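Undergrad: To start, I am sharing the structure in question, which I have written as structure tokens.
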Amino acid sequence: LSTVDLPGELLAVRFEAMASPCELVLPHTDRARALEFGGLVAEEAWRVERKFSRYRDDSVIGWIHQNRG
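My numbering puts the last residue of the sequence shown at 1190; the count rises by one with no breaks.
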């Protein structure tokens, strides 16, 4: 996770999920709190990625592919 100041008193928390850059934009707050909240958002994105990724054998979609539909 990383943070970036944006124009208009905004703060972005950036991370990668599902082979894509992701960004949570918040009203400017202290970085520790932004990273805490961003971590929760990233964990949820990673949970969804684990569950539904077609590239993982242990995902729901992987199970569907392994069992032919």
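Glycine residues also receive a C-beta, built at the ideal position from the N, C-alpha and C atoms.
Since the model is a prediction, treat every value here as computed from it, not as a measurement.
Classify G1159: buried if its beta carbon has 16 or more other beta carbons within 10 angstroms, exposed otherwise.
TA: With 16 or more other Cβ atoms within 10 Å, it is buried.
Undergrad: I need the straight-line Cα distance from L1156 to I1185, nearest angstrom please.
TA: The alpha-carbon atoms of L1156 and I1185 are separated by roughly 35 angstroms.
Undergrad: Grouping DSSP H, G and I as helix and E and B as strand, with all else coil, what is A1155?
TA: The answer is helix: DSSP assigns A1155 an H, G or I state.
Undergrad: With T1124 and A1138 assumed to form a contact (beta carbons below 8 angstroms), what rounded beta-carbon distance in angstroms separates them?
TA: That pair is no contact at about 17 angstroms.
Undergrad: If we ignore side chains and look at the alpha-carbon of each, how far apart do W1167 and L1147 end up?
TA: Approximately 20 angstroms between the Cα atoms of the pair.
Undergrad: Take E1130 and list the residues in its own chain whose beta-carbon comes closer than 8 angstroms to its own, dropping the five residues that flank it on each side.
TA: So the qualifying residues of the chain are P1148 and H1149.
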